[in-house]
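In case it helps, mature numbering (1 follows the signal peptide of the UniProt record, and there is no 0) puts the sequence shown at residues -18 to -1, 1 to 1070.
Note that beta-carbon positions come from the ideal geometry of N, C-alpha and C, so glycine has one too.
Predicted model, so just to flag it, every value in this text is computed and none were measured.
So the structure is just underneath, and the comments pick up after that.
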Amino acid sequence: MKKITLLTLLLFAFLWQGNTQIFIQEDFDSGVPSDWTKVRYSNSTTPAYQCGDGTGSVFNNMYGSSSNDGTLISPNYVGVSNGTDTTVQFDWLARPYSVNAVDYIMYIDYSTNDGADWISISSFAVTETTPCTAFTEVIPAADLATGSDFKFRIRGEWQSGDSYFYLDNLNISQVISCPSPSDLLGADITATTAALSWTENGSATSWNIEVVDITAGATFTGTPTTSNVTNPYTVTGLASDNDYEYYVQADCTGGDLSSWVGPFTFSTIPTCLSPTDLEVSNITTSSAELSWSAGDAEVLWNIEVVNITSGGSVSGTPSNMGVTNPFVATGLLTSSEYEFYVQADCGNNDTSEWVGPFTFSTLCEPIASFPWTEDFEAVTTPNLPICWDINNNNDDTDFWKTYGTYGTSGGTAVGLYTDYNYGSNDDYLILPQFTLTGNERLIFNVRARSTGEPNDYKVVLSTTGTAPEDFTTDLSDLTQVSSTSYEEKIINLNAYSGDVYIAIHVPEDGLDGYYIYFDDFSIVELPSCIEPTNLTASAISSDQANLSWTEEGTASLYNVEVLIAGETPTGVATDTGVSNSFTKTGLSPITSYEFYVQADCTGGDLSAWVGPYSFTTSCVPYAAPFMENFDGVGSSEVPSCWSTIENSSSSYASVLTNTSYDISEPNSMRFYNGSDTDAELILISPNFNDDFTLNRVRFSGRDGAENDFIVGTITDPTDASSFTPFQTITLTSTQTEYSVNFDTYTGTDSYIALKMVPSSTYNYTYIDNFYWEAIPNCTQAVVESSAIFEDCENTQYYVDVNITTLGDATEVSDGTNTFAISGTGIAHIGPFASGDSTTLTITHSDSACDLNLGTFHFACPPTNDECSAAQSITQETGIANASSATATPGTIDGATDSGLAAEECGIFTGNANDDVWYSFVALTEDVNITYELSTGFDGVAELFSGTCGALTIIGCSDNSTTEEVNATGLTVGETYYTRIFQYSGSVSTIGKTFDLKIWSQDEPLGVSDFETEAAFTYYPNPVKNTLSLNAQNTIEQVAMYNMLGQEVLRATPNTVDSDLDMSQLQTGTYFVKVTIANVTKTIRVMKQ
């Protein structure tokens, strides 16, 4: 049902003809129209409260008093009545609010003097729930004379209860004695005639027509150009190739005429029709075959060919006249863009309009003169230069194009977007055809858009065509690009001669990437002494490295410059006349170097310097005893001389230092596999040069998923495939010390490698305090478990150590005190003070066997761990701010779950499994509860009224730093409860402390003040829409607050009664502060 709010004369409202009707049609899908007057009416989009197939209705909620009675009034329609019967129709329904009774009266009225007086159409009482019901009444013609104004009104009168009236699909109309035609059409249009037709909506058999010449500038007059025509009617004598519109009017005899309807627009056809379907084929470097489809029966045409590359433009003057179809245009310039236009010649000087352009480009001649360059600055983005091409072989919406601002100098570059396709690219950027002689090289620059989203590409060559299968030669390996700065690439083409095509290929199944850009292509002649390529370094030790490269010409001697990384190259060789695969000695350990190389082609003919290639010398080999606690570097790093292998599909997988589960502070080493269960994560030790069979590895480790952890060796610290397992250990969720003896080792590797074996996604493994040491000459104790034994009656705890093998163990030490052990079983170690941490070690007759048991911490629950034991705090009054208030220190260390679940605070809900409680007696209505939290304490504070076991939350704070609840409207003398807990239920409570301050800026009020404040009444409560206040004295100010203490409404009535509109507020509890005679009283109301 299409929405219409309309006063019209069917299609046109020519009031001077006297054929008007009142026609109001409103479905209320978009609410009450803006030009209507509404009182207490609102829009509803609830399907259950609509009639018919619309999407909306309007309603009035009547309850409480006549102040909620609704009225809906249409605009005043001046002089619209045609003196016939007026039909009023609408749909309505009634429903109660909740279980309240339906009881109201509806009145339907109209006015002929713009609402000065209202005339009743009908009224009806509604006393029960009523589904969609149709209302229809007729205003007799005698009551609404011709030319009368018309205004419509519907209003309700509340009787009792609380209920709704819904209105939908209002229609008010009068009969038309001579209806206008509709559905105007035009057909069989020629150069001079057109068949006009329409639909008759009454009984007319004769019609008037007005045809208007739009091309000549004529306009509609309402005067027929032809009268008493039939339907259909063929108009003749029209001008060819001309625009017309026509209007029609029904003649119902006796002078009774309908309104004019129209226009219907049409155009006569030319006497000489234009050609269509322009095409170009058989394009060469200097010609092209042009063709088209004839517009009619013509056999000759005129052609205009325009050279766009040379700056030409269409003139309308033929370059060739009287040609046939097809026509071969010759004498064209190579590598040029053209347009062609065509015009039919129908004879007798009758020609059609020019049609076109059709754009084409002549083929390019192979480029055989060098140097050749392309910097893309002459093209208009996103176009490619002429003679360049693309092959979007995966047929997606991403293809090679030019981009501004991404060129080498901030200008234009050619690029490809590759994101969000999982590497499914397969796109070729094809350079112009070249004729090579074997003495050329290709140079270009390349960069990525984002270092975090690298791209890959290769350079390929074809000696046949430009189809993907033609590019069978790889000029470069698949190359990954992650730098956002341009890098110059050089590819020697001395192996190729003749006509070739070169392309940049971004392959399928490659990197997802983001954007990759290329710029400054050139093909130049090879220098007489060609630079080496593919620089590399191998056999790197602490003081030397083997440097090598690929010779591209005939040189056999080279100059090399070796620099510490970051130094500026001088172009002066540090080593001259060396051969390929040159061993550079005298290097320093653990140092990053760069080297450059220059070919010496003899006779003073030297190549350009190329490089740098970077490498780092290794550490000087270590021997036992060696210890690494991972504390000498920052978090998320790797110590010097250590290395890692992180082969994973997850970008989050890593092997790095971390501050969790460390034995020695601040770091441990963390293995994390992210979402990749097949991740290869290996931590590799420095190089050891002693006898492995005399030594052992000792370390502390833990894994919450109790995964396997492999201790092994590795040949090449950069190659995971050279890892050799030696012994597998199953780690537990408790930090435990492990040792692996290498007395049975038979390999030749010199690196220890520790490998994580994840069993599922998102696994963490931690190790710390790695030792490479001689196998001790003693027997180490074996401990099955170590557990906390609580003794909170004495505010202390013990550690029960279950020893299954005593070995040469003598005692347990906490670093200060020792505890004797004499056999296997449970050793009761302690006591230790509640809240303290202690690190225990089993000592042996030989310290090489000493066993670290780990660090233990236990805290007894605080005395205020439960609501019933809440610590009482005295509220401070007259305090300017939180920094001036007195602090009560507290902690949640050892706190347990009090059984009361956390409430939603803002949009988040924490986990209250470590809460502590406080109580206070309110001395003022407004109180601030401030918790100043220690570093790392992400807390949530809550405020309650009521009693333990029957609490009601009235405020909260979740800001993760300082938590402050600003409570308003408290009852003076009432006891309130507050608690603090960590947002996360899985984070340690150790060290989580705070300062609590309960304060207000106000001073306490006396009892007599409150008796004075109570001199007003309010209703209803709960409130649905309006809260009414009545007082004996002037109400000076009203302020309303939500449960979070946020002000949501403020008013200054300055009267003895006031109505507060709460209809837009959310359901819930609100506090209303009412000020009368400078005394403020706070009430609590519920919004439904």
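Each residue's CA atom was taken as its position, placing V361 and Y385 some 10 Å apart. The Cβ atoms of L952 and V1005 do not sit closer than 7 Å to each other. Cβ-Cβ distances below 8 Å link S520 to A527, N528 and S530 in the same chain, with the five nearest sequence neighbours on each side left out; the list follows chain order. For D99 and S93, the gap between their C-alpha atoms comes out near 6 Å.
The Cβ-Cβ distance between L788 and T806 falls below 7 Å. By the neighbour-count definition (other C-beta atoms within 10 Å, threshold 16), Y499 is a buried residue. Fully contained in the segment 768 to 834 are the following beta strand (DSSP E) runs of length 3 or more, in chain order: 778 to 787, 791 to 795, 800 to 802, 807 to 815 and 819 to 826. Distance from S618 to T639 at the Cβ level is roughly 6 Å; contact confirmed, criterion being Cβ atoms closer than 8 Å. Note on geometry: alpha-carbon atoms of G892 and S966 lie some 6 Å from one another. Proximity to V428 across A395, I412 and T417 peaks at A395, based on C-alpha coordinates. Approximately 15 Å separates the beta-carbon atoms of V310 and E286; this is outside 8 Å, ruling out the contact. Closest option to T212, judged by alpha-carbon separation, among I980, S104, A173 and P163: P163. Within a 10 Å sphere around the beta-carbon of Y404 sit fewer than 16 other beta-carbons, which makes this residue exposed. S479 is positioned such that its CB atom lies closer than 7 Å to that of L418. If only uninterrupted alpha helix (DSSP H) runs of at least 4 residues are considered, none is enclosed by the segment 73 to 106.
C-alpha of D85 to C-alpha of T203: approximately 57 Å in a straight line.
Ranked by Cα distance from E924, the first of A949, T118 and D796 is A949. Approximately 53 Å separates the beta-carbon atoms of L220 and I136; this is outside 8 Å, ruling out the contact. In the structure shown, A852 adopts coil according to DSSP, grouped into three states.
In the three-state reduction of the DSSP assignment, T837 falls in the strand class. DSSP, reduced to helix, strand and coil, places E469 within a strand of the structure shown.
Taking 3 residues as the shortest admissible run, the segment 520 to 564 contains the following complete beta strand (DSSP E) segments, listed from N- to C-terminal end: 527 to 532, 539 to 546 and 557 to 560.
Non-local beta-carbon contacts of N723 in its own chain, meaning distances under 7 Å to residues more than five positions away in sequence, involve R678 and I757 in chain order. Short of 8 Å from the beta carbon of Y402, and not among the five residues preceding or following it, lie these beta carbons of its own chain, in chain order: D494. Residue pairing by DSSP places Q231 opposite N190 in a beta bridge. With contacts defined by Cβ atoms closer than 7 Å, A852 and D875 do not form a contacting pair. Taking S102 as reference, the option from W74, V70 and E766 with the minimal CA-CA separation is V70. In chain order, R684, S767, S768 and G836 place their CB closer than 8 Å to the CB of T716, counting only its own chain and leaving out the 5 sequence neighbours on each side. Assignment of L663 by DSSP, reduced to helix, strand and coil, places it in the strand class. Per DSSP, reduced to three states, the secondary structure at F503 is strand. With respect to the 7 Å criterion, M1068 and T1057 are not classified as neighbours on the basis of their beta carbons. D832 sits buried, since 16 or more C-beta atoms from the chains shown fall within 10 Å of its C-beta. Per DSSP, reduced to three states, the secondary structure at D582 is strand. Proximity to I512 across Q580, S56 and T845 peaks at Q580, based on C-alpha coordinates. In this structure, W140 is the residue among W140, G535, I980 and S819 with its C-alpha nearest to the C-alpha of S48. Contact check for I196 against D225 passes: the beta carbons are separated by less than 7 Å.
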